[in-house]
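Visitor:
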Amino acid sequence: MTRWRVIAPGMRLAVIVTLISLFVSLYIQPAAQREARETAFAIRTDLASLLVQEGQFVQAGGGLTVYVQQIEQSGLIRNLFVHIQDGDEVTTWDATTARFTRIDGAPALLMGPGSMQQFSDRGVLNFLSFDEYAFDLTPFTGTEEVIAFRESDLWLAELVHPSADMLERTGSREELLAEAHARITSPLYALTAMALALAAVLGGQFRRTGYGGRVAAAAAAFLVTRVAGYGVVAASAWNVWLAPLQYLIPLGVAALALRMVFRQSSPVANVRRALGALPRPRPAGAAS
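Spelled out as structure tokens, the structure:
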């Protein structure tokens with residue numbers, strides 16, 4: 687068997703892992719990061735958690751004050767009190783039960799049964815009792831906070847061609863380009879690892895005592911290579927001209943390792959060399 691036939695299964699495995707890692711790096715990772723960032727933002731700006739704290743008076747914008755006696759695990763609110771003060775006009779709501787919901791996409795508090803008392807600026811008291819009432823929360827949901835995506839949350843196209851607003855929120859163009867190159871080059875280290883492993887086993891003479899020393903040296907070489915790759919990624923954020931090194935380091939080390947594998951003489955070459963060294967038979971009738 688030639689050296690290429692010997693290493694072909696390992697290299698095919700490395701190529702498959704590289705392609706899977708590339709797909710994860712370009713699509714799965716940013717999608718998961720964005721989902722996590724959006725979920726964290728939704729939790730941080732959740733209206734229910736901002737307005738409702740069991741046993742406490744919570745003050746929100748727009749003169750809104752909310753008190754809840756108990757919140758069940760199902761989300762059902764018991765004994766709700768809502769106080770709204772708009773200038774001289776004061777309105778209070780109380781309900782036995784309530785629940786947060788959405789009506790036509792707008793946040794609302796579905797209350798009932800309960801009552802409403804409104805004291806107008808002219809000194810008139812209005813009283814209303816109801817079995818069910820939808821309290822619109824839209825005026826109290828205004829927020830200027832927006833989701834702040836980071837470099838790891840962006841798609842490859844956004845890293846290469848960022849908008850002005852994205853540059854303002856995430857960082858410089860050089861940092862985004864460094865992240866884009868890192869997304870592509872990180873999977874290449876699977877090829878580097880396989881090439882070093884093959885070099886440890888096939889890159890030297892056969893040993894009856896095993897290849898522990900060479901395997902340890904290959905592992906150390908891969909560690910140094912990967913750390914150097916991280917360093918180049920960080921340096922590329924400051925100097926875009928260092929970006930080609932992100933490709934050169936993993937591919938260069940893999941090429942050197944494979945050169946060690948193919949530098950060793952194959953069994954076929956040894957046999958041919960041995961046969962070539964044998965004395966050739968003389969033709970019949972040749973002079974001695």
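Per the working numbering, the sequence shown starts with residue 687, numbered consecutively.
All residues carry an ideal CB built from backbone N, CA and C; glycine is no exception.
Only a predicted model underlies this, so the values are computations on that prediction, with no experimental measurement involved.
Beta carbon of glutamine 932, beta carbon of histidine 867: below 8 Å?
Guide: In the sequence shown, residue 932 corresponds to position 246, counting from 1. In the sequence shown, residue 867 corresponds to position 181, counting from 1. Yes, the pair counts as a contact, with Cβ atoms nearer than the cut-off.
Visitor: May I ask you to verify whether the region 905-918 touches the region 845-854, counting CB pairs closer than 8 Å and requiring at least 3?
Guide: Judged by Cβ distances under 8 Å, the region 905-918 makes no contact with the region 845-854, as fewer than three pairs qualify.
Visitor: Only counting the same chain, and skipping five residues up and downstream in sequence, which positions put a Cβ closer than 7 Å to that of aspartate 839?
Guide: As a working note, residue 839 is residue 153 in the sequence shown. Same-chain partners within the cutoff: Pro716, Gln719, Arg720, Arg723.
Visitor: Which of the three DSSP states is assigned to tyrosine 819 in this structure?
Guide: Reading the sequence shown from its first residue, position 133 is the one you call residue 819. The answer is strand: DSSP assigns tyrosine 819 an E or B state.
Visitor: Taking three-plus beta-carbon pairs below 8 Å as touching, is the region 692-712 in contact with the region 870-880?
Guide: Flag = yes, the region 692-712 and the region 870-880 touch.
Visitor: DSSP three-state call for threonine 895: helix, strand or coil?
Guide: Here residue 895 refers to the residue found at position 209 when the sequence shown is read from its first residue. Note: threonine 895 maps to coil in three-state DSSP.
Visitor: When DSSP builds the beta bridges, which residues end up paired with valine 910?
Guide: Taking the first residue of the sequence shown as 1, we reach residue 910 at position 224. Partner(s): none; valine 910 has no beta bridge.
Visitor: Measuring straight from C-alpha to C-alpha, what distance separates glycine 899 and phenylalanine 948?
Guide: As a position in the sequence shown, residue 899 is number 213, starting the count at 1. As a position in the sequence shown, residue 948 is number 262, starting the count at 1. Each residue's Cα considered, the two are about 20 Å apart.
Visitor: Could you give the distance in angstroms between the alpha-carbon of glycine 809 and the alpha-carbon of methionine 802?
Guide: As a working note, residue 809 is residue 123 in the sequence shown. As a working note, residue 802 is residue 116 in the sequence shown. Approximately 16 Å, taken between the alpha carbons.
Visitor: Quick check: what's the CA-CA separation for glycine 696 versus methionine 880?
Guide: Start at 1 with the first residue of the sequence shown, and residue 696 comes out as number 10. Start at 1 with the first residue of the sequence shown, and residue 880 comes out as number 194. Between glycine 696 and methionine 880, the C-alpha separation is close to 7 Å.
Visitor: Quick check on DSSP: helix, strand or coil for methionine 852?
Guide: Mapped onto the sequence shown, residue 852 falls at position 166. DSSP places methionine 852 in helix when its eight states are reduced to three.
Visitor: Name, in chain order, the residues that DSSP records as bridge partners for arginine 764.
Guide: In the sequence shown, counting from the first residue as 1, residue 764 sits at position 78. DSSP output for arginine 764 lists Gln756, Thr783 as bridge partner(s).
Visitor: Leaving aside the five residues before and after glutamate 758 along the sequence, list all residues of the same chain whose C-beta is less than 8 Å from its C-beta, in chain order.
Guide: As a position in the sequence shown, residue 758 is number 72, starting the count at 1. Hits under 8 Å: Arg764.
Visitor: Out of Gln804, Val926, Phe786, state which residue places its alpha-carbon closest to the alpha-carbon of glutamate 860.
Guide: By 1-based counting over the sequence shown, the position of residue 860 is 174. Per the Cα distances, Val926.
Visitor: Excluding the 5 residues flanking phenylalanine 813 on each side, which residues of the same chain have their C-beta closer than 6 Å to its C-beta?
Guide: As a position in the sequence shown, residue 813 is number 127, starting the count at 1. Gln803.
Visitor: Roughly how many whole angstroms lie between the Cα atoms of leucine 975 and leucine 942?
Guide: As displayed, the chain neither begins before 687 nor continues past 974, which places residue 975 out of reach and without an answer.
Visitor: Give the DSSP-derived three-state secondary structure of histidine 867 in the structure shown.
Guide: For this step, residue 867 is matched to residue 181 along the sequence shown. In this structure, histidine 867 counts as helix in the three-state DSSP scheme.
Visitor: Would you mind giving the Cβ-Cβ distance between leucine 823 and leucine 796, rounded to the nearest angstrom? I have them listed as a contact below 8 Å.
Guide: Locating residue 823 in the sequence shown gives position 137, counting from the first residue. Locating residue 796 in the sequence shown gives position 110, counting from the first residue. Actually they do not touch by this definition, with Cβ atoms about 11 Å apart.
Visitor: Is alanine 920 helix, strand or coil when you go by DSSP?
Guide: Residue mapping note: residue 920 aligns to position 234 of the sequence shown, counting from 1. Residue state, collapsed to three classes: helix.
Visitor: I need the DSSP call for serine 974, collapsed to helix, strand or coil.
Guide: Along the sequence shown, one-based indexing puts residue 974 at 288. Confidence at serine 974 is low in this model, with a pLDDT of 47, below 50, so its placement is unreliable and no value can be given for it.
Visitor: Is it true that the CB of alanine 781 sits closer than 8 Å to the CB of glycine 761?
Guide: Position 75 of the sequence shown, counting from 1, holds the residue named residue 761. Position 95 of the sequence shown, counting from 1, holds the residue named residue 781. Their beta carbons are not under 8 Å apart, which means glycine 761 does not touch alanine 781 by this criterion.
Visitor: So if DSSP puts glutamate 775 in a beta bridge, which residue, or which two residues, is it bridged to?
Guide: The count along the sequence shown starts at 1 and reaches residue 775 at position 89. Looking at the DSSP assignment, glutamate 775 forms a beta bridge with Asp772.
Visitor: Nearest to aspartate 817 by CA position, among Asp790, Thr783, Trp841, is which residue?
Guide: To locate residue 817, count along the sequence shown from 1; it is residue 131. Of the listed residues, the one whose Cα sits closest to aspartate 817 is Thr783.
Visitor: So which of Leu750, Trp924, Leu934, Phe908 has the shortest CA-CA distance to proline 825?
Guide: Translated into the one-based positions of the sequence shown, residue 825 becomes position 139. Among Leu750, Trp924, Leu934, Phe908, the Cα nearest to that of proline 825 belongs to Leu750.
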